[in-house]
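K.L.:
So my numbering is basically just the index in the sequence shown, starting at one, shifted up by 58. Where is the CB? At the ideal position from N, CA and C, for every residue including glycine. It should be emphasised that the depicted structure is a prediction, and the values quoted were computed from it without experimental measurement.
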Amino acid sequence: MFKSIGDVLKLLPTATVILYQVLTPIVTNTGDCHLANKIITPVLLVICAFFCAFSAFTDSFVGADGKVKYGLVTARGLAPFGGTDAADAGMDFSKYRLRFGDFVHGFFSVTVFAAVALLADANTVSCFYPSLKSQQKQLVMALPIVVGALASVVFVVFPSTRHGIGYPPAQPATASLASQ
Numbered sequence: 059m060f061k062s063i064g065d066v067l068k069l070l071p072t073a074t075v076i077l078y079q080v081l082t083p084i085v086t087n088t089g090d091c092h093l094a095n096k097i098i099t100p101v102l103l104v105i106c107a108f109f110c111a112f113s114a115f116t117d118s119f120v121g122a123d124g125k126v127k128y129g130l131v132t133a134r135g136l137a138p139f140g141g142t143d144a145a146d147a148g149m150d151f152s153k154y155r156l157r158f159g160d161f162v163h164g165f166f167s168v169t170v171f172a173a174v175a176l177l178a179d180a181n182t183v184s185c186f187y188p189s190l191k192s193q194q195k196q197l198v199m200a201l202p203i204v205v206g207a208l209a210s211v212v213f214v215v216f217p218s219t220r221h222g223i224g225y226p227p228a229q230p231a232t233a234s235l236a237s238q
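This is the structure:
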């Protein structure tokens, strides 16, 4: 099913979750929030959620010069960041068209991030709903796992062929033949 750990990692917003978990103790004052912390933390949540969704709409390709390049997936195909140079102008970017599965992946990536950030992060829970941690401990512990399991099933039903920013790029056919 999965050829490498990179295939599994590209389905989850791991870099965004790590960034959030590094920054959340700072912006939440380690769970002891004041008004400024309660304003800054949702801003961080929204920014991270945006990048979770955005990453589902990026892909990569190996340019004519052999370098990995990235772009935004659109209804017409891939729109390379920085435009296309003369060497890449002849490439067919229409095969990278936006698909229904991209929206599904974007939605569930944000959902997984939200479950982890809003329920599994002790600082966020202490900041915004401290009574939930003591009164609904099973819910706080179980819901992120349930969301993750549901997202895993959805990711199997809608497999992604995208190799977005930060994920292992697709190997060109000649490189995969040479490595065998």
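List the DSSP bridge partners of A137.
P.N.:
DSSP, once it has assigned bridges, lists L130 as partnering A137.
K.L.:
Which residue comes first and which comes last in the beta strand (DSSP E) that contains A117?
P.N.:
For the sequence presented, residue 117 should be read as Asp rather than Ala. D117 -> beta strand (DSSP E) spans 116-120.
K.L.:
Our contact map puts N95 next to V85 with C-beta atoms below 8 Å; I'd like the distance itself, whole angstroms only.
P.N.:
About 6 Å separates the two Cβ atoms, so the contact holds.
K.L.:
Give the DSSP-derived three-state secondary structure of G206 in the structure shown.
P.N.:
Of the three classes helix, strand and coil, the one that applies to G206 here is helix, per DSSP.
K.L.:
Given G164, which residues of its chain have a CB within under 7 Å of its CB, disregarding the five upstream and five downstream residues?
P.N.:
Excluding positions up to five away in sequence, the list reads A111, A114, F115.
K.L.:
Count the other C-beta atoms from every protein chain shown that fall within 10 angstroms of the C-beta of K127, then say buried if there are 16 or more, exposed otherwise.
P.N.:
Answer is buried; the Cβ neighbour count reaches 16.
K.L.:
Distance check for I97 and F60, CA to CA, integer angstroms please.
P.N.:
Any reading at F60 must be qualified, since the residue scores a pLDDT of 46, below 50, and its modelled position is unreliable; the value itself is stated next. Cα to Cα, the separation comes out at about 40 Å.
K.L.:
With C-beta atoms as the reference, is V131 less than 8 Å away from L102?
P.N.:
Result no, Cβ atoms of V131 and L102 do not sit closer than 8 Å.
K.L.:
Look at the alpha carbon of G124 and the alpha carbon of A175, and state the distance between them as a whole number of angstroms.
P.N.:
Distance between the alpha carbons of G124 and A175 is about 38 Å.
K.L.:
Using a 10 Å radius around the Cβ and a threshold of 16 neighbouring Cβ atoms, would you call L136 buried or exposed?
P.N.:
Flag for L136 reads buried.
K.L.:
Identify whether F171 lies in helix, strand or coil by the three-state DSSP scheme.
P.N.:
F171: helix per DSSP, three-state reduction.
K.L.:
In three-state DSSP terms, what is T86?
P.N.:
It is coil, neither helix nor strand.
K.L.:
Just tell me which of I203, A107, Y154 has its CA closest to the CA of V120.
P.N.:
The candidate whose alpha carbon is nearest that of V120 is Y154.
K.L.:
Nearest CA to the CA of G141: which residue from V162, C106, G129, A178?
P.N.:
With distances taken between Cα atoms, G141 lies closest to G129.
K.L.:
Measure the C-alpha to C-alpha separation of T219 and Y225 and round it to an integer number of angstroms.
P.N.:
For T219 and Y225, the distance between alpha carbons rounds to 11 Å.
K.L.:
When we look at the beta-carbon of G148 and count the other beta-carbons within 10 Å, is it buried (16 or more) or exposed?
P.N.:
With fewer than 16 Cβ atoms within 10 Å of its Cβ, G148 is classed as exposed.
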